[in-house]
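In our numbering, the protein residues as written are 753 to 1039.
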């Protein structure tokens, strides 16, 4: 409940789980292109900062970003029961739509303000990414955790290469993020800028958490496998006990049948003996 309140305050509440089926379906549909943007934007920043990005390509990329925000806001607003509430709880989308209009991105009068506006877009997308990552981690499976860790490593590595001069390429940043999250820390790359060190603190803490989570999940998987084997052994023992009980029951039935047969034989022998004795008596009494 507290998490939902903070999402509303930051303007990234998304579609309520109590909304219409169509609205929830659209919300899930727009998650994927927005997550793709969250991964691509750091690459865009890096190539732009290094002067390797065509300005026309960057301009059209900005239009695509803005268009996705507009399309999401319009379609979901038409699908929810209370459009005003949806827009109020997702006010950051409206801020991006009306303030970060693509032509403004070409204004060079206030470059610091421009960078701040671009940071707002990235923050919005990263908050969506974090939301999906938490949803994935709630599945508590090893594969889901590895996928979430891979996304975190790629995004944080590219961001580090864009904001810190010690990293020449995105692959250097991704390599640094990988060895940092894995708690290895070779030390071949070290952030030197203030923002780079702040990001490094976040990645170090995140790495400790992910490493502990992976260790717990591997242990749980091994314990689960042992539990499955024990379950199979118990089922086999139960089956053998059932078979043993059936055998004992069958033996008891055979013993009872043998007892009946013995009694019948004894009765027949006794009856036959009486007949023989009677015949002998009759023979003796005859003149």
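All C-beta atoms in this analysis are idealised placements derived from N, C-alpha and C, irrespective of residue type, glycine included.
What's the gap between the Cα of residue i and the Cα of residue j?
i, j, result
"residue 863", "residue 845", "Reliability of the predicted coordinates at residue 863 is poor, the pLDDT of 48 falling under 50, and no value is obtained from them."
"residue 793", "residue 957", "24 Å"
"residue 1001", "residue 1018", "26 Å"
"residue 709", "residue 761", "Examination of residue 709 is not possible in this model, given that the chain is present from 753 through 1039 alone."
"residue 786", "residue 971", "34 Å"
"residue 803", "residue 852", "22 Å"
"residue 757", "residue 838", "14 Å"
"residue 817", "residue 940", "35 Å"
"residue 1023", "residue 1016", "10 Å"
"residue 769", "residue 842", "15 Å"
"residue 812", "residue 774", "30 Å"
"residue 917", "residue 945", "7 Å"
"residue 819", "residue 772", "24 Å"
"residue 791", "residue 904", "9 Å"
"residue 1010", "residue 1004", "10 Å"
"residue 907", "residue 991", "54 Å"
"residue 801", "residue 984", "60 Å"
"residue 784", "residue 925", "24 Å"
"residue 947", "residue 954", "11 Å"
"residue 814", "residue 826", "18 Å"
"residue 928", "residue 920", "12 Å"
"residue 1012", "residue 974", "57 Å"
"residue 988", "residue 999", "16 Å"
"residue 969", "residue 899", "14 Å"
"residue 840", "residue 789", "23 Å"
"residue 1021", "residue 1006", "22 Å"
Looking at the structure shown, is residue i part of a helix, part of a strand, or coil, going by DSSP?
i, result
"residue 753", "With a pLDDT of only 49 at residue 753, under the threshold of 50, the placement of this residue in the model should not be trusted; the figure read from the coordinates follows. Residue 753 falls in the coil class under three-state DSSP."
"residue 941", "coil"
"residue 920", "coil"
"residue 995", "helix"
"residue 814", "helix"
"residue 765", "coil"
"residue 805", "coil"
"residue 910", "helix"
"residue 934", "coil"
"residue 760", "helix"
"residue 1021", "helix"
"residue 780", "helix"
"residue 832", "coil"
I'd like the span of the alpha helix (DSSP H) that includes residue i, first residue to last.
i, result
"residue 772", "First-last for residue 772: undefined, no H or E at that position."
"residue 851", "843-851"
Excluding five sequence neighbours on each side, which residues of the same chain lie with their C-beta closer than 8 Å to the C-beta of residue i?
i, result
"residue 901", "933, 962 and 966"
"residue 952", "912, 932 and 943"
"residue 935", "959, 960 and 963"
"residue 937", "931"
"residue 915", "945, 947, 948 and 951"
Can you list, in chain order, the residues of its chain whose CB lies under 7 Å from that of residue i, leaving out five sequence neighbours each side?
i, result
"residue 922", "795, 798, 909, 910 and 913"
"residue 949", "943"
"residue 835", "829"
In its own chain, which residues sit with a C-beta less than 6 Å from the C-beta of residue i, not counting the 5 before and 5 after it?
i, result
"residue 822", "849"
"residue 824", "782"
"residue 996", "none"
"residue 880", "786"
"residue 860", "With a pLDDT of 47 at residue 860, under the threshold of 50, the modelled position of that residue is not reliable, and the figure given next carries that caveat. None."
So, does the region 769-783 touch the region 816-831, judging by three or more C-beta pairs under 8 Å? yes
Would you check if there are 3 or more beta carbon pairs closer than 8 Å linking the region 761-771 to the region 800-812? no
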